[in-house]
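Chemist:
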Amino acid sequence: MRILVIGGGAREHALCHALARDPEVTALHCAPGNAGIAGVAEVHPVDAGDGAAVAALATRIDAGLVVIGPEVPLVAGVADVVREAGVPVFGPSAAAARLEGSKAFAKEIMAAAGVPTARSYVCVTAEEADDALDAFGPPYVVKDDGLAAGKGVVVTDELERARAHARSCLASAPAGARGNEGGDQRGRVVIEEFLDGPEVSLFAVTDGQAVVPLQPAQDFKRAYDADRGPNTGGMGAYSPLPWAEPKLVDEVVETVIRPTVDELRRRGTPFSGLVYAGLAITSRGVRVVEFNARFGDPETQAVLARLRTPLGGLLHAAATGELAGFPSLRWSEGAAVTVVVAAQGYPSEPRTGDPVAGLDEVAAEDGPDAYVLHAGTRRGPDGEVVSAGGRVLSVTATGTDLTAARELAYRAVARIRLDGSHHRTDIAERAAREARETREASGSGADSAPDSADSRQLAE
Ligand code: AMP
Ligand code: GLY
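Residue 602 in the numbering used here sits at position 398 of the sequence shown, and the numbers go up by one each step.
In structure tokens:
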């Protein structure tokens, strides 16, 4: 199988890293890729958002599958263009990707499908937004309707800040990929009730009908330790979740993923690709915080680190409508932890162009259970790796349990030298500690989660 991956972040590096291990994958290409991806795939300087150029590249390299990583090309319809060119695609059509592209659309689907989520109002005027804020009270949750690269959501106790964000969402006229239906040029803002409780990211592969869940992960969205600082694209992740109920995956598939996939199919816009359910485990049960229409970043780095089933076959089955009857997924025992190394100034004003050193030392000293996935990197004039984005690296490690995985991940992080960089030091810390305490109390073995009750997920 010849595969073309679209995108150039650590998520795409994780996809390429997993696809390169699949014996059925005979050629691996990526556009535009980055300095790390160039080590496992042939990279091409093609814009991920240019559907015609992506389709032309796929045809030229005789790709049997195109895997689209980021949301922007999906919402812009790149998958549709490539499919029209006759190449199977892992990734939803623009119509189905609205599940991520418009929060108001996602709410409409959830309401129709009976999926539990925060109560919300979709507002088109400042007066409506003010009324909605008053109706819910603090903490206020204010969301831009369209894609905003993780910057569209404000959660605050301050009414003035909530109002100001609502006004700025309303003032931003939807352009291009943004969420509104054709003709309606007003911005929209979604005001919703605050959800308490830990967050879980659950990914499910679907061909529009059959659903195959992956193992759950947790993301760390704030920039600094102890969940302080601004929201980011994600500063780290771990998987699986030792604290989660074993039935969580089955429950989310039955109450969230399957009804959503069925509703989109019923509307004539079947979703083929990856449904990412961002969930809050509240005191009143599981609620959907958001849907994404693609693999999450950095959760994918941690989830795929433990997937033993060859990834190419799974994604190809989804892309070609053959997921029903796909063999049970196999996972390695233990846990995986990903720590993001970010550039100085990330997320507000990341500095780029700094040399990144220590990569060879990780490979020599910590591999193969620890490895560095590249996000924003490129080659400098002398062939050296230099930073080229806000999130620069995703350092990923596996171990017999979360404690072992995070120790190895942080040992590898300590070898990286990037001037001014910062990373969180508490990724998976609490989960690892709680798992150790539970283990000590029960006198049992390693701290990783019991395997999911989902019968499709067998541990090796
Ligand atoms: P979203 O882009 O919708 O995932 O929101 C980004 C982040 O904002 C989420 O991961 C949560 O941490 C937070 N958030 C979003 N919606 C809510 C909510 N209703 N209640 C509490 N926190 C929320
Ligand atoms: N990790 C959050 C996201 O991928 O949207």
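Ideal Cβ positions, reconstructed from N, Cα and C, are used throughout, including at glycine.
Can you give me the C-alpha to C-alpha distance between Arg225 and Arg287, rounded to a whole angstrom?
Modeler: For the purposes of this step, residue 225 is taken as the residue at position 21 of the sequence shown. For the purposes of this step, residue 287 is taken as the residue at position 83 of the sequence shown. Looking at the two C-alpha atoms, the distance is approximately 26 Å.
Chemist: Could you check where the alpha helix (DSSP H) with Thr642 kicks off and where it finishes?
Modeler: The residue labelled residue 642 in the question sits at position 438 within the sequence shown. 633–646 is the extent of the alpha helix (DSSP H) around Thr642.
Chemist: When you compare the segment 550–561 with the segment 433–453, are there three or more beta-carbon pairs, one atom per stretch, that lie closer than 8 Å?
Modeler: The answer is yes - the segment 433–453 touches the segment 550–561, with three or more Cβ pairs under 8 Å.
Chemist: Going by alpha carbons, who is nearest to Pro373 out of Thr410, Val326, Val490?
Modeler: Within the sequence shown, numbered from 1, the residue matching residue 373 stands at position 169. Per the sequence presented here, residue 373 reads as Cys, with Pro not at that position. The shortest C-alpha separation from Cys373 is found at Val326.
Chemist: Between the alpha carbons of Ala256 and Val282, how many angstroms are there, rounded?
Modeler: As a first step, residue 256 must be located in the sequence shown, where it is residue number 52. As a first step, residue 282 must be located in the sequence shown, where it is residue number 78. One C-alpha to the other measures close to 8 Å.
Chemist: Take Glu633 as the anchor and find which of His233, Ala509, Tyr614 has the nearest alpha-carbon.
Modeler: Taking the first residue of the sequence shown as 1, we reach residue 633 at position 429. Measuring from the Cα of Glu633, the nearest candidate turns out to be Tyr614.
Chemist: Tell me whether the beta-carbon of Val394 lies closer than 9 Å to the beta-carbon of His369.
Modeler: Taking the sequence shown and counting its residues from 1, one reaches residue 394 at position 190. Taking the sequence shown and counting its residues from 1, one reaches residue 369 at position 165. Cβ distance not < 9 Å, so Val394 and His369 don't count as in contact.
Chemist: Indicate whether the contact test is met: 3 or more Cβ pairs, each with one atom in the segment 394–404 and one in the segment 480–496, closer than 8 Å.
Modeler: The answer is yes - the segment 480–496 touches the segment 394–404, with three or more Cβ pairs under 8 Å.
Chemist: Verify the contact flag: Tyr575, CB atom, against every heavy atom of the ligand GLY, threshold strictly below 8 Å.
Modeler: As a working note, residue 575 is residue 371 in the sequence shown. Not under cutoff, so the answer is no.
Chemist: Anything with a beta carbon under 6 Å from a heavy atom of the ligand SAM counts; list them all in chain order.
Modeler: For the structure depicted, the ligand SAM is absent and the ligand set comprises only the ligand AMP and the ligand GLY.
Chemist: How close, in whole Å, do the beta carbons of Ala339 and Leu577 come, if the pair is a contact with beta carbons under 8 Å?
Modeler: The count along the sequence shown starts at 1 and reaches residue 339 at position 135. The count along the sequence shown starts at 1 and reaches residue 577 at position 373. That belief does not hold up - the Cβ atoms of Ala339 and Leu577 are roughly 43 Å apart, past 8 Å.
Chemist: Can you look up Val451 in the DSSP assignment and give me helix, strand or coil?
Modeler: Position 247 of the sequence shown, counted from the first residue, corresponds to residue 451. Checking the sequence shown, residue 451 turns out to be Lys, not Val. In the structure shown, Lys451 sits in coil (DSSP, three-state: anything other than H, G, I, E or B).
Chemist: Check whether the Cβ atoms of Ala308 and Ser598 sit closer than 9 Å, and answer yes or no.
Modeler: Translated into the one-based positions of the sequence shown, residue 308 becomes position 104. Translated into the one-based positions of the sequence shown, residue 598 becomes position 394. Cβ distance not < 9 Å, so Ala308 and Ser598 don't count as in contact.
Chemist: If we ignore side chains and look at the alpha-carbon of each, how far apart do Gly243 and Arg365 end up?
Modeler: Sequence index remark: in the sequence shown, residue 243 carries index 39 (1-based). Sequence index remark: in the sequence shown, residue 365 carries index 161 (1-based). One C-alpha to the other measures close to 45 Å.
Chemist: Using alpha carbons as the reference points, say which of Gly438, Val285, Leu261 lies closest to His626.
Modeler: Within the sequence shown, residue 626 is the residue found at index 422, counting from 1. Among Gly438, Val285, Leu261, the Cα nearest to that of His626 belongs to Gly438.
Chemist: Give me the Cβ distance between Thr542 and Thr600, rounded to the nearest whole Å; I'm assuming they're in contact under 8 Å.
Modeler: Counting from one through the sequence shown, the residue named residue 542 turns up at place 338. Counting from one through the sequence shown, the residue named residue 600 turns up at place 396. Yes, Thr542 and Thr600 are in contact; Cβ-Cβ is about 5 Å, under 8 Å.
Chemist: Around the Cβ of Ala301, are there at least 16 other Cβ atoms within 10 angstroms (buried) or fewer (exposed)?
Modeler: What you label residue 301 is simply residue 97 of the sequence shown in a count that begins at 1. It counts as buried.
Chemist: Is it right to say Ser646 is buried, meaning 16 or more other beta carbons lie within 10 angstroms of its own, or is it exposed?
Modeler: Here residue 646 is taken as the residue at index 442 of the sequence shown, counted from 1. Ser646 is exposed by the Cβ-count criterion.
Chemist: Tyr550 by DSSP, collapsed to three states: which one?
Modeler: The residue labelled residue 550 in the question sits at position 346 within the sequence shown. The answer is coil: DSSP assigns Tyr550 none of H, G, I, E or B.
Chemist: With DSSP collapsed to three states, give me the class of Ile272.
Modeler: For the purposes of this step, residue 272 is taken as the residue at position 68 of the sequence shown. Of the three classes helix, strand and coil, the one that applies to Ile272 here is strand, per DSSP.
Chemist: Just to confirm my understanding: we take Thr504, look at its own chain, exclude 5 residues before and 5 after, and list those with CB closer than 6 Å. What are they?
Modeler: Your numbering for residue 504 matches position 300 in the sequence shown. These residues qualify, in order along the chain: Arg215, Ala218.
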